[in-house]
Amino acid sequence: MRALLPVVACELEPPRGIFTDGGTVFPRLAEGLSIPEGNDLKETVLVTGANGFIGRYVVGLLECDYTVVKVETDIFALDWDAYLRKIRPDYLIHLAWVTGEGYQDAPENVLWVQKSIELYRAFFAQGGRRAVFVGTEQEYRRSDAPLDENAPLKPGSLYAECKADLGRILLKDSAVRKNGFVWCRLFFVYGGGEKPRRLMPSLLRGFLSGERPVCSYEGFVRDYLYVKDVAAALRACLFSDYIGPVNVAGGARTTIGEIARTAAAVCGGGQAAHKPLEACGGQPMCVQADVSRLRSLGWVPRYTLEAGLREQAHELRGQVRP
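Numbering (full-length UniProt numbering), first residue to last: 1 to 322.
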């Protein structure tokens, strides 16, 4: 009988370090500029959180066609006006935020609202053309129906409240100023480089090691999107003419049980053990996005769930002992 491998399937966000995006701490004493040479004729994109889980894919997607400047210093030590005068970026993608253990109720969330507003103001004041800031699906009030961008907001944590407040403030300001601002509400993201305790790597590692991962809330619906498709969606929003909020998700109604079975299939077989729903008390039964607005910008996902999990499993094979 194979051993049961615990999976904390209720943990939908990875534990990361404070003042990071994806686990890379910004060096407090660094100059904060990472500008490739020889790209004087290219337009410049400034990316915060560039070393994080999503940020690495965004940078990889942009750097062939644009000069990508990564913020590599303590953002809270920056004077955005002085910093941006050095760079004069044409575009901005703001991914960085407080993360880590207890991030949902960390007081630093409030500080990030202030610092993000300062970044927004300074970017457009120095002539920036378009900016994408990242919000979260946790801003919305829970519903069994697909959530569109006009769905009511009802954040349930300090993290979600701060994201929602920032989005409301900047969207209202953008509507008045008619600048190129997009607020992207990310749903569930998976792919290479995410933290091991998250759902997808937990399942894949379990099946690859020949053990039986434990999967909670089999019948719950979650709208997952592969990280490369997320990066492409952010790029599409950045270089569109659209201004306003956008859901970034796949739009598929997929249960956790279907995800577990697909993960088993791409790993060569196996079956997850399922816990009763009570083990995940407080989690909503369904979180699904209406992605009509995102698709209207010309974006379509390249990866099916199977293709994304297969690629992620391939990356994990060398790290797992059968």
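Cβ atoms here follow ideal geometry from the backbone N, Cα and C, with glycine treated the same way.
field: Straight-line gap, residue 215 to residue 92 (C-alpha atoms, nearest Å)
entry: Distance between the alpha carbons of residue 215 and residue 92: 38 Å.
message: Quick check: the Cα distance between residue 152 and residue 127, rounded to an integer number of angstroms?
response: Roughly 33 Å separates the two Cα atoms.
- prompt: How many angstroms separate the CA atom of residue 147 from the CA atom of residue 73?
  reply: Their backbone Cα atoms lie some 36 Å apart in a straight line.
field: Within 8 Å, strictly: CB atoms of residue 294 and residue 221
entry: No, they are not a contact pair.
field: Reduced DSSP category for residue 262 - H, G, I as helix; E, B as strand; rest coil
entry: It is helical.
- prompt: Can you tell which of 304, 217, 207 has the C-alpha that lies nearest to the C-alpha of residue 316?
  reply: For the residues 304, 217, 207, the minimum Cα distance to residue 316 belongs to 207.
- request: Answer yes if the stretch 190-208 comes into contact with the stretch 219-234, meaning at least three C-beta pairs across the two stretches below 8 Å, and no otherwise.
  value: Verdict: yes, contact present.
- prompt: Should residue 56 be labelled buried (16 or more other beta-carbon atoms within 10 Å of its own) or exposed?
  reply: Residue 56 comes out buried.
- request: Output the boundary residues of the alpha helix (DSSP H) element that contains residue 224.
  value: Annotation for residue 224: no alpha helix (DSSP H) segment contains it, though the beta strand (DSSP E) segment containing it runs 224-226.
- prompt: To the nearest whole angstrom, what separates the beta carbons of residue 75 and residue 115, a pair I think is in contact under 8 Å?
  reply: That belief holds up - the Cβ atoms of residue 75 and residue 115 are roughly 6 Å apart, short of 8 Å.
- request: Pull up the DSSP beta-bridge partners for residue 140, would you.
  value: Note: residue 140 sits in a beta bridge opposite 153.
query: How long is the line joining the alpha carbons of residue 134 and residue 236, rounded to whole angstroms?
result: Rounded to whole angstroms, residue 134 and residue 236 show a C-alpha spacing of 14 Å.
field: Residue(s) in a DSSP beta bridge with residue 181
entry: According to DSSP, residue 181 bridges with 131.
query: Where do the ends of the beta strand (DSSP E) carrying residue 91 lie?
result: Membership of residue 91 in the beta strand (DSSP E) is indicated by the continuous run 91-94.
Reduced DSSP secondary structure (H/G/I, E/B, other) of residue 232: Reduced to three states, the DSSP call for residue 232 is helix.
message: For residue 141, tell me which candidate among 219, 154, 238, 132 has the shortest Cα-Cα distance.
response: It is 154.
message: Buried or exposed, going by whether 16 or more other CB atoms sit within 10 Å of the CB of residue 245?
response: Residue 245 is buried by the Cβ-count criterion.
Enclosing alpha helix (DSSP H) for residue 55 [first to last residue]: Run containing residue 55: 55-62, per the alpha helix (DSSP H) assignment.
message: So residue 59 and residue 47 are supposed to be a Cβ contact under 8 Å. How far apart are they, rounded?
response: Confirmed, Cβ separation roughly 6 Å.
- request: Could you spell out the range, first to last residue, of the beta strand (DSSP E) harbouring residue 146?
  value: Premise fails: residue 146 is in no beta strand (DSSP E) and is neither H nor E.
query: To which residues does DSSP link residue 67 through a beta bridge?
result: According to DSSP, residue 67 bridges with 44.
- request: Going by DSSP, name the residue or residues bridged to residue 244.
  value: In the DSSP output, where bridge partners are listed per residue, residue 244 has 182.
query: What residue does the beta strand (DSSP E) around residue 190 start on, and which one ends it?
result: That run of the beta strand (DSSP E) goes 188-190.
message: I need the DSSP call for residue 212, collapsed to helix, strand or coil.
response: Correct three-state label for residue 212: strand.
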